[in-house]
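Enquirer:
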Amino acid sequence: MRLSMVLMVAVTGIVLSTTGCARDGAPKPSTPAGPAPLSIVPDIAARRAQLVEKQLKADLSALPANEREAVAHLVAAARIVDEIFLLQAWAGNPAFAPRVAALQGPLAKPAQEYYRIMGGPWDRLKEYEPFLGDVKRPLGAGFYPEDLTKEQFDAWVAAHPESKTAFTSPFTVIARDTKGLVARPYAEAYRPLLDRAAAELRAAAGKTSNASLKKYLTLRADAFASNDYFASDMAWMDLDSPIEIVIGPYETYEDSLFGYKAAFEAFVCVTQPADSERLAAYKQELPFLESRLPIPPEHHNTTRGGESPIRVTDLVYSAGDGRKGVQTLAFNLPNDERVREAKGSKKVLLKNTMLAKYEAILVPIANRVLPVTTTQQIDFDSYFNFILFHELAHGLGPGRITVNGKQTEVRLELKELYSAIEEAKADVLSVYSLAVLTNKGVVPDTIVRTLPWSYVAGFFRTARFGANEAHGLGVVIQANYLQEKGALAIDQDGRYYPVLEKYAGALKSLAHDLLMIEAEGSYAKAREMVDRYGKVTPEMAKLIESLKDVPVDVDPVFEADAR
């Protein structure tokens, strides 16, 4: 999981490097009919301006020459992963990209840049409405045949129960053949690209002198061919290197049909040892925090591993799912419950990205949405710790559960609603956990004192991503729930503020409700939660509208980019 509160190859590069891949097992692209020029939404320049370019620098000077060479190979592998993600986002991207590259006129440049940022012709900040042409986004992205419905998928699995494991696997593409539907492993569907990425990982492994990095890169290169990521995920948990790298298929946000399929992403980072050491003490508190969750003890998860390393890093390069649309601030991986039970999960914070967003976005938003007398109560420390504990919170609560006598996982039961419920849970447990550890004397009370204001201001930063996006929907649920409980109020100027005397009780109640949805694996209760609290109110919409001149997110520019 990651927080996307959370660059890509040039448009012409998409065409050259992904055309052949769509013939290797991925769902066939739907090519927009006719040679007519693409229509462009008239406000495309304003949409592009919402994402402000920010230079993200990472200091590699402490790395020896061989490790810097390894980084160069890792960036090359990340670029290839970006190509895979573009196919996963939409199998039609290879055929569509030349039409984007051919655009002319005053709207051409912002449209081309927005296409690069969004990874397709749909606006991820406006419920995936098309900004180029009029093709509707398939709910299953590029993971399923575009015309496949949920009912057809479920009917096929019901008629072929032996296929369920493969069909619901995070690492398969669903396609049609002469006999009906078939699940094709990523290793087969994206073989040419994965072979190239694996070669770069092996080249990096040959350059580094760090044994744990060499092991992870070698095993991950093997996984690209075997489609089995378990061993390399275990090795990633043991990674102890100045270079922090994660590359592969992880998050399932892109699959809006079922939330089964994992999208490829890559983060190449360098560690900040002093910050990492200071924060590592918090991982010792995870069993204590699990025991204090506001749900019955039988639902506490005592089987997950307790290693849970924390890394504070600066981002060198990102690609794929981690770089399209909203930029990631931190991530908590792996998502494989087998690894979490054996070793826990690793939290990686991207400090240079956090600081860029805090300065460019959160501070000006706080000055607009909080009452004038309280805007100075936000600070970077509370913001940083909120993100840290959001990632820690992904490792708390139910994972493997039993539903109707059968062992399963929360994500499988909640389907496409899982990501929003899980993101809301992580936000709420972040605030809840910080309060618990402050009472224990582990976290300074100065952080908790300013946290309510940073938390409320953060609603508006994230809600601007749209309620169709998991993080955006998650904060809308939180805001509406807390307002209903009297813990969030609006002053006469339309500004939001926490009602401190009701704040703690309402957060505990919301934490309980979200955790119980996951503990019971109840899709019906998740749907009820989303339907009841998942709509932006007129008051929130008005305030969001007033933030039009504040950047929605950053468009990172790395030293490795060639723009």
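According to this note's numbering, the sequence shown is numbered sequentially starting from 3. Each residue gets a CB set at the ideal place from its N, CA and C atoms; glycine is no exception.
1) Quick check on the burial criterion: 16 or more other C-beta atoms within 10 angstroms. Buried or exposed for Lys550?
2) I think Lys349 touches Leu390, with their Cβ atoms under 8 Å apart; what is that distance to the nearest whole Å?
3) Taking Cβ positions, are Ser456 and Leu364 nearer each other than 9 Å?
4) Which residues bound the alpha helix (DSSP H) around Val438?
5) How would you label Ala465, buried or exposed, when you count the other beta carbons within 10 angstroms and need 16 or more for buried?
6) Just to confirm, is the Cβ distance from Pro132 to Lys138 under 9 Å?
7) Leaving aside the five residues before and after Ala205 along the sequence, list all residues of the same chain whose C-beta is less than 6 Å from its C-beta, in chain order.
8) Return the CA-CA distance between Gly324 and Cys271, expressed in angstroms with no decimal places.
9) Enumerated in chain order, which unbroken segments of the alpha helix (DSSP H) with a length of 4 residues or greater are wholly contained in the stretch 443-479?
10) Residues bridged to Gln57 by DSSP?
11) Do you know how far the Cα of Arg198 is from the Cα of Asn1?
12) With distances taken between CB atoms, is the gap from Thr180 to Ala191 smaller than 9 Å?
13) On the DSSP letters alone, give me the boundaries of the alpha helix (DSSP H) that Lys326 sits inside.
14) From Ser435 to Glu292, what does the alpha carbon distance come to, in whole angstroms?
15) Tell me whether Ala110 sits in a helix, a strand or coil according to DSSP, three-state version.
16) Can you look up Val554 in the DSSP assignment and give me helix, strand or coil?
17) Relative to the C-alpha of Gly399, which candidate in Glu522, Gln274 and Ala491 has its C-alpha closest?
18) Measure the C-alpha to C-alpha separation of Leu337 and Ala104 and round it to an integer number of angstroms.
19) In its own chain, which residues sit with a C-beta less than 8 Å from the C-beta of Val444, not counting the 5 before and 5 after it?
20) Between the beta-carbon of Ala332 and the beta-carbon of Met356, is there less than 9 Å?
21) Output needed for Leu335: all residues of its chain with C-beta closer than 7 Å, excluding positions within five of it in sequence on either side, in chain order.
22) At what residue ranges does the stretch 472-548 contain a whole run of the beta strand (DSSP E), taking only runs of 3 or more?
23) Express the C-alpha separation of Val328 and Val2 in angstroms, rounding to a whole number.
24) Give every residue of the same chain whose Cβ lies closer than 7 Å to the Cβ of Glu425, excluding the five residues on either side of it in the sequence, and list them in chain order.
25) What are the boundary residues of the alpha helix (DSSP H) that includes Thr167?
26) Ends of the alpha helix (DSSP H) at Pro100?
27) If I follow the unbroken alpha helix (DSSP H) through Arg342, where does it start and stop?
28) Going by DSSP, what residues sit across from Asn212 in a beta bridge?
29) What runs of the beta strand (DSSP E), each 3 residues or longer, lie entirely inside the stretch 262-326?
30) To the nearest whole angstrom, what separates the beta carbons of Leu127 and Gly468, a pair I think is in contact under 8 Å?
31) With a CB to CB cut of under 6 Å and the five nearest residues on each side skipped, what residues in its chain are close to Ala422?
32) Among the residues of its own chain, which have a CB less than 6 Å from the CB of Lys487, if the five just before and after it don't count?
33) Pull up the CB-CB distance for Tyr499 and Leu372, whole angstroms please, since I reckon it's below 8 Å.
34) What residues in its chain sit with their C-beta under 7 Å from that of Pro454, if we drop five residues either side in the sequence?
35) Shortest alpha-carbon distance to Gln114 belongs to which of Ile46, Gly401, Arg70 and Asp242?
36) Could you tell me the alpha carbon to alpha carbon distance between Asp557 and Tyr385, rounded to whole angstroms?
Expert: In brief:
1) The residue in question, Lys550, is exposed, as its Cβ has fewer than 16 Cβ neighbours within 10 Å.
2) Yes, they are in contact, since the Cβ atoms of Lys349 and Leu390 sit about 7 Å apart, within 8 Å.
3) It is a contact, given that the beta carbons lie within the stated cut-off.
4) From DSSP, the alpha helix (DSSP H) with Val438 extends over Tyr420 to Lys442.
5) Answer is buried; the Cβ neighbour count reaches 16.
6) Annotated as proximal: Pro132 and Lys138, with beta-carbon spacing under 9 Å.
7) Answer for Ala205: His75, listed in chain order.
8) A direct Cα-to-Cα measurement between Gly324 and Cys271 gives close to 13 Å.
9) DSSP runs (the alpha helix (DSSP H)) wholly in the stretch 443-479: 447-465.
10) Beta-bridge pairing links Gln57 to Val559.
11) Since the first residue of the chain shown is 3 and the last is 565, residue 1 is not available in this structure.
12) Against a cut-off of 9 Å, the Cβ pair of Ala191 and Thr180 comes out as no contact.
13) Annotation for Lys326: no alpha helix (DSSP H) segment contains it, and DSSP assigns it neither H nor E.
14) Approximately 9 Å between the Cα atoms of the pair.
15) Note: Ala110 maps to helix in three-state DSSP.
16) In the three-state scheme derived from DSSP, where H, G and I count as helix and E and B as strand, Val554 is classed as coil.
17) Comparing Cα-Cα distances from Gly399 to each of Glu522, Gln274 and Ala491, the minimum goes to Glu522.
18) Residue 337 is actually Asn in this sequence, not Leu. Rounded to whole angstroms, Asn337 to Ala104 spans 40 Å at the Cα level.
19) Cβ neighbours of Val444 beyond the five flanking positions: Ala283, Tyr284 and Glu287.
20) Annotated as proximal: Ala332 and Met356, with beta-carbon spacing under 9 Å.
21) Result list for Leu335: Val248, Tyr252, Ser347 and Lys348, in chain order.
22) Every beta strand (DSSP E) of 3 residues or more that sits fully in the stretch 472-548 is shown, in chain order, as 490-492 and 498-500.
23) The requested residue 2 does not occur in the structure, where the chain is confined to residues 3 to 565.
24) The beta carbon of Glu425 sits closer than 7 Å to the beta carbons of Ala472, His473 and Gly476 from its chain, once the five residues preceding and following it are set aside; these are given in chain order.
25) Taken as a continuous stretch (DSSP letters only), the alpha helix (DSSP H) holding Thr167 covers Lys166 to Thr170.
26) Where Pro100 is concerned, the enclosing alpha helix (DSSP H) stretches over Asn95 to Ala103.
27) Glu339 to Lys345 is the span of the alpha helix (DSSP H), which, as asked, contains Arg342.
28) Looking at the DSSP assignment, Asn212 forms no beta bridge with any residue, so it has no partner.
29) The qualifying runs are 266-273 and 312-322.
30) With 8 Å as the limit, Leu127 and Gly468 qualify as a contact, their Cβ atoms being about 5 Å apart.
31) Ala472, Leu475 and Gly476, listed in sequence order.
32) Within its own chain, the residues whose Cβ lies closer than 6 Å to the Cβ of Lys487, once the five positions on either side in sequence are excluded, are Ala508, listed in chain order.
33) About 6 Å separates the two Cβ atoms, so the contact holds.
34) Answer for Pro454: Pro500, Leu502 and Tyr505, listed in chain order.
35) With distances taken between Cα atoms, Gln114 lies closest to Ile46.
36) The alpha-carbon atoms of Asp557 and Tyr385 are separated by roughly 20 Å.
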